[in-house]
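Per my numbering, the sequence shown starts with residue -14, numbered consecutively.
Beta carbons are placed, not taken as given, at the ideal position from N, Cα and C, and that holds for glycine.
Since the structure is predicted, the reported quantities are computational estimates derived from the model, not experimental observations.
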Amino acid sequence: MMAVNSRSWLRLLASALALCVLQGCGRTHARKPPLFEIIVPSQDNPFFKAEADAAAARAQQLGYRTRIDSHEDDAYKQDNLIDVAIAGNAAVLLLDNAGADATVAAVRRAAKAGIICILMDREINADGIARAQIIADNDQGARELAAYFVKLLGGHGTYAELLGKESDTNAQIRTHGFHAVLDRLPAIKLVAAQSANWSQSEAFEKTEVLLQSNAQLNGILAGNDTMALGAIAAVKGSGRRNISIVGFDGSPDALAAIRAGELQATILQPAAKIARMAVDEAQSVLKTGSTGLPEHQIVQCDLVTSENVGDFGTFERIRAEKRPAN
């Protein structure tokens, strides 16, 4: 009787083990690849969509899982999304943040929870929390654009400036870079400067008013491409000609406007390159514990004009820069 019970017990144990193997149990589960949480301001904006898509594509190429969310420049919503990433055991947070000061506490929480935090496009006002802060060189780009704007104006004339959101650090850096060049040239005069809050419709309305009050306006310097496109529409509607318009970001719409001769120049921020750098550095931390690079990294921007517009794609250079032979 005891022998029969032992055999029965062994059969039951074998069946249970087989069922465990078939269904998966406890530590026999295959480990999921680490999750990369990617949070950007908006996926409706082509710049941020390109940034998010490039980061996700690179992470997936390397074998990681990804999730993309948008905070819509709302710090409260960003806090909630980061808390969800913490609760979901994300391994990496790639963040284009909703405010240099407002973001610090949330990134600190994520880092304390063991998440590798890397900032893209916008920095935060704190060091030592994020593993990397990778941004485009807005100052370099603004100065280069301003120098080209001077050439477009022939070294003299009047211009208006359309500024981005006044609370946005990048807007402040750009306008500072513009004026570092233009304010040294007395023959070029600023006749109006107004914020259009990165908005195409607001830029259209502001430009209409500017054109009515400045009959001899020679140029419009816009803090981003979206506002530049609004200015283009207003100028076309007014019937005015010979007004040079430049933008900033290097959006696909801006490149198309350059090809059409409606926009004279833009500065391309290499969003796709920055996003891939962020993923590669996150992987380095996962594998070695370090990026091997400084926390703050600045990536140079590119001036795009009718002469080189064919060298650029969706927020990145797709052809090597042509350098003069020695």
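>> Per the DSSP calculation, serine 180 is bridged to which residue(s)?
In response: Residue 180 sits at position 195 when you count from the first residue of the sequence shown. Paired residues: Leu148.
>> Helix, strand or coil for histidine 281? Go by DSSP, reduced to three states.
In response: By 1-based counting over the sequence shown, the position of residue 281 is 296. Reduced to three states, the DSSP call for histidine 281 is strand.
>> Closest to isoleucine 252 by C-alpha separation, out of Ala178, Ser229, Gly126 and Leu66, would be which residue?
In response: Here residue 252 is taken as the residue at index 267 of the sequence shown, counted from 1. Of the candidates Ala178, Ser229, Gly126 and Leu66, the one whose C-alpha sits nearest the C-alpha of isoleucine 252 is Gly126.
> Given arginine 304, which residues of its chain have a CB within under 6 Å of its CB, disregarding the five upstream and five downstream residues?
Replying inline: In the sequence shown, the residue the question calls residue 304 occupies position 319. If we look at arginine 304 and ignore the five residues flanking it on each side, its Cβ neighbours are Asp296.
> Where does lysine 17 fall in DSSP's three states?
Replying inline: Taking the first residue of the sequence shown as 1, we reach residue 17 at position 32. Three-state DSSP puts lysine 17 in coil, outside helix and strand.
> Quick one: what's arginine 302 bridged to in DSSP?
Replying inline: Taking the sequence shown and counting its residues from 1, one reaches residue 302 at position 317. Looking at the DSSP assignment, arginine 302 forms a beta bridge with Phe297.
> In whole angstroms, what is the alpha-carbon distance linking leucine 248 and serine 229?
Replying inline: Position 263 of the sequence shown, counted from the start, is the residue given in the question as residue 248. Position 244 of the sequence shown, counted from the start, is the residue given in the question as residue 229. Straight-line Cα distance between these residues: approximately 7 Å.
> Cβ atoms of glutamate 108 and isoleucine 120: under 7 Å apart, would you say?
Replying inline: Taking the first residue of the sequence shown as 1, we reach residue 120 at position 135. Taking the first residue of the sequence shown as 1, we reach residue 108 at position 123. Going by C-beta atoms, isoleucine 120 is nearer than 7 Å to glutamate 108.
> Can proline 237 and threonine 299 be called in contact, C-beta distance under 7 Å?
Replying inline: Numbered from 1 along the sequence shown, position 252 holds the residue referred to as residue 237. Numbered from 1 along the sequence shown, position 314 holds the residue referred to as residue 299. In contact: proline 237 and threonine 299 (Cβ atoms closer than 7 Å).
> Smallest Cα separation from glutamate 190: which of Leu175, Gly222 and Leu167?
Replying inline: What you label residue 190 is simply residue 205 of the sequence shown in a count that begins at 1. It is Gly222.
>> Taking only three categories from DSSP, how would you classify glutamate 108?
In response: Numbered from 1 along the sequence shown, position 123 holds the residue referred to as residue 108. In the structure shown, glutamate 108 sits in coil (DSSP, three-state: anything other than H, G, I, E or B).
>> Quick test of the definition: if touching needs 3 or more C-beta pairs under 8 Å, does the segment 103 to 118 touch the segment 129 to 148?
In response: The answer is no - the segment 129 to 148 does not touch the segment 103 to 118, with fewer than three Cβ pairs under 8 Å.
>> In the DSSP assignment, the alpha helix (DSSP H) including aspartate 331 goes from what residue to what residue?
In response: No information on residue 331 is available, as it lies outside the stretch -14 to 311 that the chain covers here.
> Going by beta carbon distance, what residues of the same chain come within less than 8 Å of alanine 85, once the five residues before and after it are set aside?
Replying inline: Along the sequence shown, read from residue 1 onward, the residue named residue 85 stands at position 100. These residues qualify, in order along the chain: Arg107, Glu108, Ile109, Asn110 and Thr154.
>> Given this structure, state the Cα-to-Cα distance separating serine 186 from glutamine 254, to the nearest angstrom.
In response: What you label residue 186 is simply residue 201 of the sequence shown in a count that begins at 1. What you label residue 254 is simply residue 269 of the sequence shown in a count that begins at 1. In a straight line, the C-alpha of serine 186 is about 23 Å away from that of glutamine 254.
> What's the C-alpha gap between arginine 302 and valine 231?
Replying inline: Reading the sequence shown from its first residue, position 317 is the one you call residue 302. Reading the sequence shown from its first residue, position 246 is the one you call residue 231. So the two alpha carbons sit approximately 19 Å from each other.
> Does DSSP classify arginine 226 as helix, strand or coil?
Replying inline: For the purposes of this step, residue 226 is taken as the residue at position 241 of the sequence shown. Three-state result, arginine 226: coil.
> Taking C-alpha atoms, which residue in Glu292, Arg261 and His281 lies nearest to leucine 47?
Replying inline: One-based indexing of the sequence shown puts residue 47 at position 62. The residue with the shortest Cα to Cα distance from leucine 47 is Arg261.
> What is the DSSP secondary structure of glycine 349, counted as helix, strand or coil?
Replying inline: Any answer about residue 349 is impossible in this case: the structure gives the chain only from -14 up to 311.
>> Cutting at 6 Å between CB atoms, please list the residues of its own chain near glutamate 22, excluding the five before and the five after it.
In response: Indexing the sequence shown from 1 puts residue 22 at position 37. These residues qualify, in order along the chain: Arg52, Ala70, Ala75 and Leu78.
> How far does the alpha helix (DSSP H) with aspartate 124 in it reach, from first residue to last?
Replying inline: By 1-based counting over the sequence shown, the position of residue 124 is 139. First-last of the alpha helix (DSSP H) with aspartate 124: 123 to 137.
> With distances taken between CB atoms, is the gap from arginine 50 to leucine 20 smaller than 7 Å?
Replying inline: Taking the first residue of the sequence shown as position 1, residue 50 is located at position 65. Taking the first residue of the sequence shown as position 1, residue 20 is located at position 35. Contact flag set, yes.
> Is it right to say valine 289 is buried, meaning 16 or more other beta carbons lie within 10 angstroms of its own, or is it exposed?
Replying inline: Numbered from 1 along the sequence shown, position 304 holds the residue referred to as residue 289. Buried is the call here.
> If you draw a straight line from the C-alpha of phenylalanine 163 to the C-alpha of valine 89, how long is it?
Replying inline: Position 178 of the sequence shown, counted from the first residue, corresponds to residue 163. Position 104 of the sequence shown, counted from the first residue, corresponds to residue 89. The alpha-carbon atoms of phenylalanine 163 and valine 89 are separated by roughly 29 Å.
> Which residue's Cα is closest to the Cα of serine 198: Ile217, Gln28 and Ala145?
Replying inline: Numbered from 1 along the sequence shown, position 213 holds the residue referred to as residue 198. For the residues Ile217, Gln28 and Ala145, the minimum Cα distance to serine 198 belongs to Ala145.
> When burial is assigned at 16 or more other CB atoms within 10 Å of the CB, is proline 26 buried or exposed?
Replying inline: Here the question's residue 26 lines up with position 41 in the sequence shown. The residue is buried, with at least 16 neighbouring Cβ atoms inside 10 Å.
> Any idea what DSSP makes of arginine 116, helix, strand or coil?
Replying inline: Along the sequence shown, one-based indexing puts residue 116 at 131. In the structure shown, arginine 116 sits in coil (DSSP, three-state: anything other than H, G, I, E or B).
> In three-state DSSP terms, what is glutamate 22?
Replying inline: Numbered from its first residue, the sequence shown carries residue 22 at position 37. Glutamate 22 falls in the strand class under three-state DSSP.
>> By alpha-carbon positions, which one of Arg159, Gly246 and Leu195 ends up nearest to alanine 219?
In response: On the sequence shown, position 234 is the one that residue 219 refers to. Nearest C-alpha to alanine 219: Leu195.
> Taking just the CA atoms, how far does alanine 91 sit from alanine 60?
Replying inline: Against the sequence shown, residue 60 aligns to sequence position 75. Against the sequence shown, residue 91 aligns to sequence position 106. So the alpha carbons of these two residues sit roughly 9 Å apart.
>> Which same chain residues end up closer than 6 Å to alanine 181 when comparing Cβ atoms and leaving out the 5 residues on each side of it in sequence?
In response: As a first step, residue 181 is located in the sequence shown; it is residue number 196 there, counting from the start. Hits under 6 Å: Leu147, Glu187, Ala188, Lys191 and Met212.
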